[in-house]
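Before any comments, here is the structure.
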Amino acid sequence: MPTRQTLTALRRAIALAAVLFLAAAVPAKAELHLDISKGTVEPLPIAVTQFYGEPVGQQIANVVEADLERSGLFRPLDHRAFIQTPDQLANGLPRYGDWKVINAQALVSGTAAVQPDGRLKVEFRLFDVLAQQQLTGLAYFTQPDGWRRIAHIIADAIYKRVTGEDGYFDTRIVYIAESGPATTRQKRLAIMDQDGENNLYLTDGRVLVLTPRFSPTAQEITYLSYFNNKPRVYIFNVDTGRQEVLGDFPGMTFAPRFSPDGNKVIMSLAQNGNTDIYLLDLRTRRQTRLTDNPAIDTAPSFSPDGSKITFESDRGGSQQIYTMNADGTNVQRITFGAGKYGTPVWSPRGDLIAFTRINGGRFSIGVIRPDGSGERELSTGYLVEGPTWAPNGRVLMYFKEKPVGEGGRQRQVRLYSIDLTGRNERQMLTPTDASDPAWSPLIP
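Numbered according to mature numbering (1 follows the signal peptide of the UniProt record, and there is no 0), the sequence shown spans residues -30 to -1, 1 to 414.
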């Protein structure tokens, strides 16, 4: 269980006061825009200046810059090339010629100031250098220790203004933190910001935990744990630390996941030697069986509108991916490739389903359209598994295992992210080995 200090830190991290709109220039010329729907995009040269005022302003700017760079869509410029200073920007307009000469197409400036009531006020402005106009400007108020979240929110605002789509920086990742030798592996439930900061352990490792998944509100996590060697499905409230047992289920239980409305949990249950998919109503605790097949049906995931479910099954003779209506009717197989397909997860945009494929000992993460067309691989490796979507449906996270040490007798397990082009793969930094990530929605 988390400590009181841990939970207090969590609450502080999400405590954000009012947001005030400052200004957005009326477009007078063709606006800066990145079309990210066309596949490979040339990163946009952007200058992110230090936020003038409090020392924390530099830290805020660094986080904003790192978020944008990690997306693969922005190319931050070297600060040593900047001509106009942060204090000059804070007290006047950009000298656009100074930014054009270093090939900046976008400019971010800002200020950070502690208010008389002790709150931190952070302002930022985004400028289109070539059109010589301000695109947006916002101010935020927070407690001083909320500065990191403010930085992620600013990065999201910039991402959306330039691409036209929601960002994904003000989010969290819940995952399984692994440590110790293979024979006595300790697995703890952990949570962190999407950039790997603010890592916290939510369980103490005394019992095995698996398959954590966020609720649509990002305030609750469902996961599987073994108590006295019996599987239990839990719901953990991130804000309060309260943990609730959904039930002790006979046989084995696998991969619990919330419905889009947050009122139900879908999972697979093994009963009488048969594994099928069930829906559990969180309000009534009533179970509804959705599949009834001699094969193994597992790893269900809802479409974002809740009308469809994708799952894996070996009912066709090999492990493949299927879709069906939310009531269990109209089952359709959508993968037909060699090897095995598993861990399907529907994109928040509804346009793609991510999966893990194993073929001839080779693992890969891929995506496919819900009708079975457009299948493609994004990442391959010794062992890659467990995709989860960023809330904007443009980036995936998963875990990779690879042999390390003398003779490759040890295994290292780490989290990675990749965008839909398959070109921007990044390793996430975690204190220990890490597996089975789940990406939260944008934090309310």
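A virtual CB, placed ideally from N, CA and C, is assigned to each residue, including glycine.
For residue j and residue i, the rounded distance between their alpha carbons
i: R303; j: L260; result: 16 Å
i: I266; j: M237; result: 12 Å
i: G211; j: L172; result: 8 Å
i: D68; j: A74; result: 9 Å
i: D15; j: A308; result: Correcting the residue identity first, residue 15 is Pro in this sequence and not Asp. Cα to Cα, the separation comes out at about 42 Å.
i: E395; j: L385; result: 10 Å
i: F206; j: V84; result: 35 Å
i: D57; j: P186; result: 41 Å
i: Q164; j: F139; result: 6 Å
i: N263; j: Y292; result: 13 Å
i: L170; j: Y145; result: 10 Å
i: G88; j: N168; result: 23 Å
i: G150; j: K157; result: 9 Å
i: T(-23); j: V26; result: Because T(-23) carries a pLDDT of 45, less than 50, the predicted location of this residue cannot be relied on, and no value is offered for it.
i: R95; j: V34; result: 12 Å
i: R227; j: R155; result: 24 Å
i: P64; j: L2; result: 16 Å
i: E190; j: L159; result: 13 Å
i: N300; j: K200; result: 33 Å
i: K234; j: A101; result: 49 Å
Own chain residues within Cβ distance below 6 Å of residue i, not counting five before or after
i: A31; result: V18, Q20 and F21
i: T258; result: L249
i: S410; result: T141, R142, F184 and A188
i: G342; result: I304
i: P318; result: P274, W359, P361 and G363
i: E93; result: G80, T81 and A109
Backbone secondary structure at residue i - three-state DSSP
i: N329; result: strand
i: P114; result: helix
i: N61; result: coil
i: L389; result: In the sequence as presented, Leu is not what sits at residue 389; that position holds Asp. Residue state, collapsed to three classes: strand.
i: D251; result: strand
i: K200; result: strand
i: residue 420; result: The structure shown does not extend to residue 420, since the chain is modelled only from -30 to 414, so the question has no answer here.
i: I291; result: strand
i: A(-6); result: Since pLDDT at A(-6) reaches only 43, below the 50 mark, its modelled position is unreliable, and no value is offered.
i: G312; result: strand
i: P25; result: coil
i: T55; result: coil
i: L159; result: strand
i: Y145; result: strand
i: T187; result: coil
i: R256; result: coil
Nearest-angstrom beta carbon gap, residue j and residue i [assumed within contact, 8 Å]
i: P357; j: W316; result: Wrong, their Cβ atoms sit about 11 Å apart, outside the cutoff.
i: L47; j: P13; result: About 11 Å separates the two Cβ atoms, so there is no contact after all.
i: T133; j: I6; result: 5 Å
i: G196; j: L178; result: Strictly speaking, residue 196 in this sequence is Tyr, with Gly absent from that position. 5 Å between Cβ atoms; contact.
i: A404; j: A147; result: 6 Å
Residue i Cβ short of 6 Å to the ligand ADP heavy atom set
i: I323; result: Although the ligand ADP was asked about, the structure shown includes no ligands whatsoever.
Counterpart residues of residue i in DSSP-defined beta bridges
i: residue 415; result: Only positions -30 to 414 of the chain appear in the structure, and residue 415 is not among them; the question remains open.
i: P373; result: R381
i: K91; result: A83 and F111
i: A76; result: I16 and D98
i: N244; result: Q241
Residues near residue i by beta carbon distance below 8 Å, same chain, minus five either side
i: A269; result: F224, A225, S238, F281, E282, G312, T313 and P314
i: F333; result: T326, R327, T350, G351, Y352, L353, V354 and E355
i: E24; result: A82, A83, V84 and L90
i: D246; result: S238, L239, R259, L260, T261, D262, N263 and D267
Close-in-space but distant-in-sequence residues of the same chain around residue i (CB under 7 Å, 5 per side omitted)
i: V99; result: Y66, W69, K70, A74, Q75, A76 and L77
i: A127; result: T106 and L108
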